[in-house]
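Structure, as structure tokens:
Take a look at the structure:
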């Protein structure tokens, strides 16, 4: 997630510079041909304006849909924050000797709480790594300027191996259990439920408390499923493809259409300044560039926001959210501040 107040003109220029070079080339070729042909071929501006209006509507629809996906993903991960805090609170207060026929040491109780808490952090880790896995329809990070930008930021899931990230939170037994599981985040919630059941059998967890904690696990399953739904169901590709084609049709015809308009304006001025008509046509180039750049950039912004876990500047900062939950849970376990990992650094004004 980009955190700077304003996306600067310099940043925008660098991000779109290759597109701008294409537009300059297209405009020079088309206007040059128009001038060489002495204005013999023109494109009526009315149909071009209609195409531009249609493209603008579709871009608006795409932008709204993309923002809707981002906002839904952010709400899901906000709910994960709340459920995680609830789970941490309940494990600390519900697991005790109050109903046990064979009480155990307080240190053992704290160890059981720690195991459950750490396994929950492992679940967060597994879920965020699953959300960062590439899907066939995720393509924006393959663009040249996005590749350049990716080198200037730090996405934990792309730089830290999964096994290294999750290892500190799991026992050897848990690691063995996860080894052959495809959906590791689901497997971890199963382990949590099995663990709670064992605690109930030992009467370290009251029946009602067990049911309450199981309800929280059910909430976590729901949040996980919603997050996976956004990850695994793309913005409809027919809309994305048609918008791409329509935008480029509009981009390719706008210079020649504007050249005709400026040519007509030049003819009106030719009475006072003979020969200005064809020279006046060249003014259509900067206007064409502005229109082409605006439409194409809005299209790109919409495309970048389609997949909120892909690793772009518009991503929901799931790594930062997960680390924030971990810090809260471990502080409330009573761990020393120096033993708790620090928040991931926001590089190039971007959090992940």
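Residue numbers (our numbering): 2 to 353.
The beta-carbon is built from N, C-alpha and C at its ideal position, and this holds for glycine as well.
Source: prediction; values computed, not measured.
The C-alpha of residue 244 is placed about 37 Å away from the C-alpha of residue 269.
Put simply, of 339, 341, 92 and 62 the residue whose alpha carbon is nearest the alpha carbon of residue 210 is 92. Using a C-beta cut-off of 8 Å, the region 67 to 77 makes contact with the region 290 to 308, since at least three inter-stretch Cβ pairs fall below that distance. Residue 113 holds the alpha-carbon nearest to the alpha-carbon of residue 96 among 85, 240, 113 and 103.
Comparing alpha-carbon positions, the option among 158, 59, 133 and 38 lying closest to residue 247 turns out to be 59. Exclusion of the five residues before and after residue 26 leaves no residue of its chain whose Cβ lies closer than 7 Å to its Cβ. Three or more pairs of CB atoms, one per stretch, sit closer than 8 Å, so the region 154 to 167 contacts the region 126 to 136. The Cβ neighbour count for residue 352, taken over all protein chains shown within 10 Å, is at least 16; the residue is labelled buried. Burial check for residue 206: the Cβ neighbour count within 10 Å reaches 16 or more, so the residue is buried. Between the region 17 to 36 and the region 251 to 267, the count of Cβ pairs shorter than 8 Å is three or higher; the stretches touch. Taking the C-beta atoms as reference points, residue 170 is found no nearer than 7 Å to residue 236. With fewer than 16 other beta carbons inside 10 angstroms of its own, residue 134 counts as exposed.
Three or more Cβ pairs closer than 8 Å define a contact, and the region 77 to 86 falls short of that threshold against the region 188 to 204. Rounded to the nearest whole angstrom, the CA to CA distance from residue 196 to residue 162 is 27 Å.
Between residue 35 and residue 260, the CB-CB gap stays under 7 Å. Closest in C-alpha terms to residue 344, from the list 324, 333, 331 and 338, comes 324.
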